[in-house]
Amino acid sequence: MTSLPPYQRLAVAKMLEIDDLVWAASHGAPPLQSDPVAAMLGLVPDASFRLDSTAFTQLCSRQGVKPTALAARLQSRGWKVEAADLFRWRTSVASDVSPALIRVIGEELGVSPDDLIAPPAAQRAVLDTVAERVTATKRFSDLVQRFALAQRISPSMANTMLRTRMLATVQRGDEPEVEQMLESLEVLVRAHESD
């Protein structure tokens, strides 16, 4: 390579860098939702084992634990959560909370994880059905690509993040429509594109 002129060395170096990125992208970990090891460890959110917003709120109040304090305790244990996440979990469907995190929240509150779990509900089925219809659309695929570019992440990671955000932002009791969810995601993606 030293025998090449400087402009060709630069071009070869850039191609090698791109080759490394392509190799890394094809050999990385699978998306969280389809990672069997993550599922075994309880790191993948599970619709049959989800945080009950009402029970979570009541137990925090009963134990006198503020969301900011609980967020700090969870962060000290290595969990990437913010106080805003805990406030959201108290008021809306908490579909993005993994079984492992529910277990740790239970430990921090001094209760069994079973005390924090929502009973299976028809609402969950409605949300999953709408989410499946949303993710099957061309518009969702386009949003995933745009979000991946804006965030500089893989499309599969962008898909997982958008699906999780979509389910997490639905208010309890609402029955969202496909267009409503797509429009919300559009606003989110546009905000990230303008950053």
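Be aware that the sequence shown starts at 3, since it is given in the working numbering, and climbs by one per residue. Every residue, glycine too, gets a C-beta built ideally from N, C-alpha and C.
In this structure, the CA atom of Thr-131 is about 33 angstroms from the CA atom of Leu-111.
Excluding sequence positions up to five before and after Val-99, its CB lies within less than 6 angstroms of the CB of Leu-53, all in the same chain and listed in chain order.
Within 10 angstroms of the beta-carbon of Trp-91 lie 16 or more other beta-carbons, which makes it buried. Across the structure, Ala-150 and Pro-157 are spaced so that their CA atoms are roughly 5 angstroms apart.
The beta carbon of Leu-76 sits closer than 6 angstroms to those of Val-83, all from its chain and outside the five residues before and after it, given in chain order.
Taking all protein chains shown into account, Pro-101 has 16 or more neighbouring C-beta atoms within 10 Å of its C-beta and is therefore buried.
Beta-bridge partners of Leu-151 (DSSP): none assigned. For Phe-58, the enclosing alpha helix (DSSP H) stretches over residues 55 to 65. Exposure of Pro-7 is indicated by the presence of fewer than 16 other C-beta atoms within 10 angstroms of its C-beta.
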